[in-house]
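K.L.:
Heads up: the sequence shown runs through residues 6 to 398, numbered per this note's numbering.
Where a beta carbon is used, it is the ideal one built from N, C-alpha and C, also for glycine.
Please read these numbers as outputs of a predicted model, since none were measured by experiment.
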Amino acid sequence: MSDTMEPLLKVTGLQKHFPIRKGLLQRQTGAVKAVDGLDFEVYPGETLGVVGESGCGKSTMGRLITRLLEPTGGKIEFQGTDISHLGVSGMRPLRRDVQMIFQDPYGSLNPRHTVGSIVSAPFKLQGVEPEGGVKKEVQRLLSLVGLNPEHYNRYPHEFSGGQRQRIGIARALALKPKLVVADEPVSALDVSIQAQVVNLLDDLQDELGLTYVFIAHDLSVVRHVSDRIAVMYLGKIVELADRKSLYESPMHPYTRALMSAVPIPDPRRKGVKSERILLQGDVPSPIAPPPGCRFHTRCWKATDLCRTQEPPLLELRPGQRVACHHPENAEGLTIPEPRESVDVTITKTPEPTEPKAPKPTEPEAPAKAEAPESAESEAEASEAAAEDDAPKA
Ligand SMILES: Nc1ncnc2c1ncn2[C@@H]1O[C@H](COP(=O)(O)OP(=O)(O)OP(=O)(O)O)[C@@H](O)[C@H]1O
Numbered sequence: 006m007s008d009t010m011e012p013l014l015k016v017t018g019l020q021k022h023f024p025i026r027k028g029l030l031q032r033q034t035g036a037v038k039a040v041d042g043l044d045f046e047v048y049p050g051e052t053l054g055v056v057g058e059s060g061c062g063k064s065t066m067g068r069l070i071t072r073l074l075e076p077t078g079g080k081i082e083f084q085g086t087d088i089s090h091l092g093v094s095g096m097r098p099l100r101r102d103v104q105m106i107f108q109d110p111y112g113s114l115n116p117r118h119t120v121g122s123i124v125s126a127p128f129k130l131q132g133v134e135p136e137g138g139v140k141k142e143v144q145r146l147l148s149l150v151g152l153n154p155e156h157y158n159r160y161p162h163e164f165s166g167g168q169r170q171r172i173g174i175a176r177a178l179a180l181k182p183k184l185v186v187a188d189e190p191v192s193a194l195d196v197s198i199q200a201q202v203v204n205l206l207d208d209l210q211d212e213l214g215l216t217y218v219f220i221a222h223d224l225s226v227v228r229h230v231s232d233r234i235a236v237m238y239l240g241k242i243v244e245l246a247d248r249k250s251l252y253e254s255p256m257h258p259y260t261r262a263l264m265s266a267v268p269i270p271d272p273r274r275k276g277v278k279s280e281r282i283l284l285q286g287d288v289p290s291p292i293a294p295p296p297g298c299r300f301h302t303r304c305w306k307a308t309d310l311c312r313t314q315e316p317p318l319l320e321l322r323p324g325q326r327v328a329c330h331h332p333e334n335a336e337g338l339t340i341p342e343p344r345e346s347v348d349v350t351i352t353k354t355p356e357p358t359e360p361k362a363p364k365p366t367e368p369e370a371p372a373k374a375e376a377p378e379s380a381e382s383e384a385e386a387s388e389a390a391a392e393d394d395a396p397k398a
């Protein structure tokens with residue numbers, strides 16, 4: 006990305022803590038720190054892939070930047086405007102520009118509505134009358150996503166999973182958004198269909214100049230679509246890099262472990278050691294994340310420093326930000342002292358340690374949402390944005 010280009014989306018210190026309430030008085034006894042201080046930008050026309058294990062906060066991040074959730078802290082700027090705390094009416098004009106594609110093509114379409122009604126819902130909600138009429142525009146959108154426009158009056162159950170996801174994509178594109186957040190858009194689909202939907206999203210990006218945040222738990226999916234990739238662990242970004250740097254020389258041990266689980270199709274790929282790193286133990290609970298580096302309980306390189314001091318996300322190479330005291334593939338690089346600014350002269354060179362059996366991790370299982378919110382349509386999305394932070398029933 007060019008240094009001079011203004012980001013479409015800028016996120017600073019973003020947090021979402023879901024309160025845990027107990028007892029008759031529903032007193033708050035703690036919080037699930039689902040997203041706990043994210044900093045990143047998304048530039049026009051790019052795809053930012055976001056990966057990480059289940060429960061690391063990817064969906065919450067997606068729902069925050071589309072403002073289906075209100076942040077607990079931090080700032081979300083869209084085209085320079087702070088949208089962090091806009092209410093339903095304040096967000097309404099922005100909903101045209103920021104849309105979401107949901108993971109579940111079965112659960113995200115109302116089975117009682119026809120395809121025509123589903124795809125045209127955003128027009129009604131925004132009071133938009135497309136040129137040539139609603140029906141014609143919906144049929145154009147259906148063709149755009151590779152569906153038969155004649156199927157306007159059919160119901161979701163008459164379509165396959167891949168086709169339903171195309172309906173969801175057509176709905177998300179109806180208002181010609183600038184930013185589309187795709188939350189695991191292919192993970193509920195058969196492997197044979199996944200590539201078709203990914204290719205469709207890719208083609209639509211070229212054709213319509215879209216900007217994507219593409220969430221996946223699997224590095225092999227984001228690899229083909231992303232310009233840059235953010236790796237999340239327990240509510241934080243541990244590494245954010247352009248695709249080439251991330252795949253050729255991952256710097257965070259967690260990225261390296263995720264990478265080692267991805268099949269390597271190109272044997273000429275340099276820089277990444279091919280041994281499989283099996284992370285042991287579970288991700289600690291986001292209710293009580295470990296002190297210091299959150300990954301230290303599973304990291305084979307962890308030292309006392311990692312157990313006590315949280316590493317900041319620093320740009321150690323151009324285009325590659327890493328939050329680690331002892332990064333991988335850092336030979337020749339200087340690592341700033343903890344708690345000092347990036348400009349500080351380097352003092353430490355990491356020892357090239359080979360991975361060995363990780364230390365046993367804290368046994369506490371990650372808290373799980375009681376029932377994930379599922380904003381099926383823009384209407385529900387708007388409503389969800391207005392709701393409070395309590396876990397949904
Ligand atoms: N409404 C909620 N109330 C309480 N906790 C929540 C809520 N939504 C999410 N969480 C918790 O926040 C953490 C992050 O959840 P999130 O769904 O964002 O993770 P994820 O990385 O998208 O996981 P997955 O890939 O399984 O969807 C989890 O511990 C989850 O249980």
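Would you kindly check if the distance between the Cβ of LEU310 and the Cβ of LEU321 is under 8 Å?
P.N.:
no
K.L.:
Beta-carbon within less than 6 Å of THR52's beta-carbon, same chain only, minus the 5 sequence neighbours each way: which residues are those?
P.N.:
TYR217, PHE219, VAL230, SER231 and ASP232
K.L.:
Out of GLN108, ARG176 and ASN158, state which residue places its alpha-carbon closest to the alpha-carbon of ASP102.
P.N.:
ARG176
K.L.:
If distances are taken between C-alpha atoms only, which option among ARG159, ARG228 and ASP195 comes closest to ASN115?
P.N.:
Comparing Cα-Cα distances from ASN115 to each of ARG159, ARG228 and ASP195, the minimum goes to ARG159.
K.L.:
What's the gap between the Cα of ALA307 and the Cα of ASN153?
P.N.:
55 Å
K.L.:
Using 8 Å for Cβ pairs, my map puts LYS183 next to LEU13. What's the rounded Cβ distance?
P.N.:
6 Å
K.L.:
Inspect the beta-carbon positions of GLN33 and GLY79 and report whether they are closer than 8 Å.
P.N.:
no
K.L.:
Count the other CB atoms, across all protein chains shown, that sit within 10 Å of the CB of GLN285; report buried if there are 16 or more and exposed otherwise.
P.N.:
exposed
K.L.:
Go ahead and label ALA200 buried or exposed: buried means 16 or more other beta carbons lie within 10 angstroms of its beta carbon, across all protein chains shown.
P.N.:
exposed
K.L.:
Measure the beta-carbon distance from PRO254 to GLY324 and round it to whole angstroms, keeping in mind my assumption that it falls under 8 Å.
P.N.:
Reading off the sequence shown, one finds Ser at residue 254, where the question assumed Pro. That belief does not hold up - the Cβ atoms of SER254 and GLY324 are roughly 12 Å apart, past 8 Å.
K.L.:
Hey, is the region 58-70 in contact with the region 140-152, meaning 3+ C-beta pairs nearer than 8 Å?
P.N.:
With a cut-off of 8 Å, the region 140-152 and the region 58-70 do not count as touching, because too few Cβ pairs lie within range.
K.L.:
Could you give the distance in angstroms between the alpha-carbon of SER59 and the alpha-carbon of LEU239?
P.N.:
9 Å
K.L.:
Would you call LYS241 buried or exposed, if buried means 16 or more other Cβ atoms sit within 10 Å of its Cβ?
P.N.:
buried
K.L.:
Given that a residue counts as buried once 16 or more other Cβ atoms are within 10 Å of its Cβ, and exposed if not, what is LEU213?
P.N.:
exposed
K.L.:
Measure the beta-carbon distance from GLY166 to ALA193 and round it to whole angstroms, keeping in mind my assumption that it falls under 8 Å.
P.N.:
7 Å
K.L.:
Quick check: what's the CA-CA separation for VAL347 versus LEU319?
P.N.:
Bear in mind that a pLDDT of 38 at VAL347, under 50, signals an unreliable position, so the number given afterwards is only what the model happens to contain. Rounded to whole angstroms, VAL347 to LEU319 spans 7 Å at the Cα level.
K.L.:
On a Cα-Cα basis, can you pick out the residue from PRO294, SER89 and MET10 that is closest to LEU99?
P.N.:
SER89
K.L.:
Tell whether a beta-carbon distance below 8 Å holds between GLN104 and VAL191.
P.N.:
Cβ atoms of GLN104 and VAL191: not closer than 8 Å.
K.L.:
By the three-class DSSP mapping on this structure, what secondary structure does THR308 have?
P.N.:
coil
K.L.:
So PRO24 is in the beta strand (DSSP E); what residue range does that whole segment cover?
P.N.:
14-27
K.L.:
Straight-line CA distance for GLY151 to ARG171?
P.N.:
8 Å
K.L.:
Look at the alpha carbon of PRO355 and the alpha carbon of ASN334, and state the distance between them as a whole number of angstroms.
P.N.:
A caution first: PRO355 carries a pLDDT of 38, below 50, which makes its placement in the model too unreliable to give a value.
K.L.:
Give a single yes or no on whether SER265 has its beta carbon closer than 7 Å to a heavy atom of ligand 1.
P.N.:
no
K.L.:
Hey, how far is the Cα of PRO365 from the Cα of VAL40?
P.N.:
Residue placement at PRO365 is poorly supported in this model, since its pLDDT is 34, which falls under 50; the coordinates are not used for a value here.
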